[in-house]
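Engineer:
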Amino acid sequence: MFSWDLLANAVVAGLLLGGFYAAVSLGISLIFGLLDIANIAQPAFVILGAYAAYVMNSSFGLDPILTGLLFTPLFYALGVVVYRVYYGSFERRGEESLRGLVFFFGLLFIIEVSLSLKFGVDYRLVQTAYTSRSIDLGGVGIAFRYLVPCVVGVAMTLALYLFLGRTFYGRAIMAVSQDQSALRLMGANPVQIKTIAFGVGIAAASLSGALLISIAPVIPSTDRDYIGRMFAITVLGGMGSIGGTLVAAVILGVAESLMSTFSGPSWSLAVSFGILLLALAVRPAGLFGR
Amino acid sequence: MALVGADAEYPQTALVGARELVKRLGFKTVYDRTYPPSTVDYTPIVRAIKATNPDVVFVASYPPDSVGMLRASHEVGLQPKMMGGGMVGLQFTTVMASMGQMLNGIVNYDYWVPEPTMMFPGIKEFFKEYQPRAAKEGVDTLGYYLPPYAYAAMQVLAQAVETTKGLDQQKIADYIRANEFGTIVGKIRFGKNGEWAKGRTLMVQYQKVQGTDVEQFRGPGKKPVLYPEELKSGNIVYPYSAALK
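Chains as they are written, first to last, in the numbering used here: chain A, 810 to 1099; chain D, 26 to 270.
1. From GLN37/D to PHE829/A, what distance separates their C-alpha atoms?
2. Does the CB of PRO1093/A have a neighbour CB from chain D at under 8 angstroms?
3. Counting only the same chain and skipping the five closest in sequence on each side, list residues whose C-beta sits under 8 angstroms from that of PRO141/D.
4. Run the CB neighbour count on ASP193/D, radius 10 Å, all protein chains shown included, and call it buried at 16 or more, exposed below.
5. Can you list, in chain order, the residues of its chain whose CB lies under 6 angstroms from that of GLY842/A, leaving out five sequence neighbours each side?
6. How many angstroms separate the CA atom of GLU162/D from the CA atom of GLY947/A?
7. According to the neighbour-count rule (16 or more other Cβ atoms, all chains shown, within 10 Å of its Cβ), is TRP137/D buried or exposed?
8. Nearest-angstrom Cα distance between PRO146/D and MET179/D?
9. What are the residues that DSSP puts in a beta bridge with LYS212/D?
10. Along chain A, which residues have their Cβ under 8 angstroms away from the Cβ of ASP165/D?
11. Can you confirm whether ALA822/A, when its beta carbon is compared against all beta carbons of chain D, has any partner nearer than 8 angstroms?
12. Let me know if ASN129/D comes out buried or exposed under the rule of 16 or more other beta-carbons within 10 Å of its beta-carbon.
13. Would you check if the distance between the CB atom of VAL84/D and the CB atom of VAL29/D is smaller than 8 angstroms?
14. Could you give the first and the last residue of the continuous alpha helix (DSSP H) run that contains ASN866/A?
15. Check whether the Cβ of VAL82/D lies closer than 8 angstroms to any Cβ atom in chain A.
16. Is the beta carbon of ALA832/A less than 8 angstroms from the beta carbon of SER1017/A?
17. List the whole-angstrom C-beta distance separating LYS106/D from ASP66/D, where the pair is believed to meet the contact cut-off of C-beta under 8 angstroms.
18. Within 10 Å of its beta-carbon, does ALA73/D have 16 or more other beta-carbons around it, so buried, or fewer, so exposed?
19. Below 8 angstroms on the Cβ atoms is my contact criterion, and I expect TYR134/D with MET228/D to pass it. Report the Cβ-Cβ distance as a whole number of Å.
20. Following the continuous alpha helix (DSSP H) through ASN818/A, name the residue where it begins and the one where it ends.
21. Which of the three DSSP states is assigned to ILE944/A in this structure?
22. Hey, VAL55/D and VAL101/D: beta-carbon distance below 8 angstroms or not?
23. What does the Cβ neighbour count give for TYR265/D, buried or exposed, with the cut at 16 atoms within 10 Å?
24. For the stretch 235-260 of chain D, which segments carrying the beta strand (DSSP E) assignment without a break, of at least 3 residues, lie completely within its bounds, in sequence order?
25. Take VAL262/D and list the residues in its own chain whose beta-carbon comes closer than 7 angstroms to its own, dropping the five residues that flank it on each side.
26. Could you tell me which uninterrupted alpha helix (DSSP H) segments, each at least 4 residues in length, are contained entirely in the stretch 70-151 of chain D, listed from first to last along the chain?
27. Ignore the nearest five residues each way along the sequence and tell me which others in TYR155/D's own chain have a CB closer than 7 angstroms to its CB.
28. In the DSSP output, what is LEU227/D paired with across the bridge?
29. Does THR54/D come within less than 8 angstroms of chain A when only Cβ atoms are used?
30. Along chain A, in chain order, which residues have C-beta atoms closer than 7 angstroms to that of ARG72/D?
31. Along the chain, where does the beta strand (DSSP E) that runs through THR59/D open and close?
32. Are three or more beta carbon pairs between the stretch 982-1001 of chain A and the stretch 872-889 of chain A nearer than 8 angstroms?
33. Taking a cut of 7 angstroms between CB atoms, which residues from the stretch 932-963 of chain A lie near chain D?
34. Cα-Cα, which of ASN78/D, PHE117/D, MET121/D and ARG158/D is closest to MET108/D?
35. Smallest Cα separation from TYR885/A: which of GLY996/A, VAL1063/A, ASP988/A and GLY1010/A?
36. Taking C-beta pairs closer than 7 angstroms, name the residues in chain A that SER123/D reaches, listed in chain order.
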């Protein structure tokens, strides 16, 4: 069944999917990769972002991506509150490893159940004019439903990369991930810096949730489909490497797409995680890890 | 024939049945694969199906993949002669409203649709009670898919309890096995294996759906019943491409 046409389409579809995967993984890359906080509730925040986009679209006709942007300050504030609770209850006491994990597990279920109680378990999705279109470029089909999230995902990656590399707070976040004591000696408060970083990570979930509901219908438990992928991308890219997250997301996206096209879609996830295991065996720190 | 479905219980069972029928009818299978339920992008799968040029695409899917497959088939331009089969979710009001005219041409299973042949005694009164409450509770506002059968199941039980004049489970079960019941979804009689004595899953085709207004699905005409014969309310638009126009 091989043809160059199918191959080209599979690669392009994989690249677009990778851009979207990068968008949903950036938050966890920042929080888990840089701050070393195992926030497994991150996918639930993404779903929360998806529902925010759904409500604003169904009630006021607001574009989902615009909603995602508008809600980032709210999600940032939510992230600040969550980190403060986590820090006060676990990290400050040095009990973050296991109890912190349980805390985020609990948070994940609280968000899921709250969404179920409020919205029920009916599938919700947002259909926009631009995501219904697709174009054909020399036999290669490009669905806007994936192109738009990919472009936004790459833009988010670039923005976060520049924020971390070019701004004072960004550099402070990089520093806090490397040596908190040294940062304290420079006169910066590591807890404050981590609070900001955590808030930025949760704020990213607002936008990535909006992208998610533009692609596929969601129910409160959809977050579980993404936990594995998000952590796998973060680890494969290298802990704390924002550029690495994008590369890893594209690798997984292209691998899934190629398997779905040529071999058997059933194997797509197994091959993706096989790549992760292989890469970690050769390079335990991940592709761009230090 | 192209057979595709999710790696999950219902789709796998439906695919087993589909394969048996394909074999019995002597059709040629050109694609037979499954995908993980957590698949995000269905375009590579649909493109691979399109490359095999099937006449019929049978899809056994759950709601997210039904939506994903349908959207991808429109993005890729997959136009077999017939498509659908066992796509769960396309019956939900929210999904119908979101998919709109993308649904046109899909031949799919269903349980109850607002066609003249389905207007059994009590069904109108049921919806008169159900729909305002559903809107308040935020659940499926039309409620055509499963709620009538949930109510009918209770009608069967109620009739059995009233006739046997008690709650003896053995007597109730024996009565249910041996008798016919009048319900809002028509007369129901169970066969020896516990299934319906005569299977009555509907096959319907989405036709003339325009835009995303929910109200268009409230009355007849958008999902005529093609099968079974005694409930038939419309004819199939064939091939699939003709129904898309």
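Beta carbons are placed, not taken as given, at the ideal position from N, Cα and C, and that holds for glycine.
All values reported here derive from a predicted model rather than from experimental measurement.
Structural biologist: Short version:
1. For GLN37/D and PHE829/A, the distance between alpha carbons rounds to 29 angstroms.
2. Residue contact check for PRO1093/A against chain D: no CB pair falls below 8 angstroms.
3. PRO245 and SER258
4. The residue in question, ASP193/D, is exposed, as its Cβ has fewer than 16 Cβ neighbours within 10 Å.
5. Taken in chain order, the residues that qualify are THR1043, MET1048 and GLY1049.
6. 49 angstroms
7. buried
8. 16 angstroms
9. Answer is GLY207/D.
10. ASP931
11. yes
12. ASN129/D comes out buried.
13. yes
14. 851-869
15. no
16. yes
17. The pair is not a contact, with the Cβ atoms about 26 angstroms apart (cut-off 8 angstroms).
18. It is buried - the Cβ of ALA73/D has at least 16 other Cβ atoms within 10 Å.
19. 6 angstroms
20. 813-837
21. strand
22. The beta carbons of VAL55/D and VAL101/D sit no closer together than 8 angstroms.
23. With 16 or more other Cβ atoms from the protein chains shown falling within 10 Å of its own Cβ, TYR265/D counts as buried.
24. 250-252
25. GLY130, GLN230, GLN232 and ALA268
26. 88-101 and 118-124
27. Taken in chain order, the residues that qualify are GLY168 and PRO172.
28. ASP135/D
29. no
30. LEU815, ASN818 and THR1070
31. Segment 56-60, the beta strand (DSSP E) holding THR59/D.
32. At 8 angstroms Cβ cutoff, the stretches do not touch.
33. TYR932, ARG933, LEU934, GLN936, SER943, GLY950, ALA952, ARG954 and TYR955
34. ASN78/D
35. GLY1010/A
36. LEU934 and GLN936
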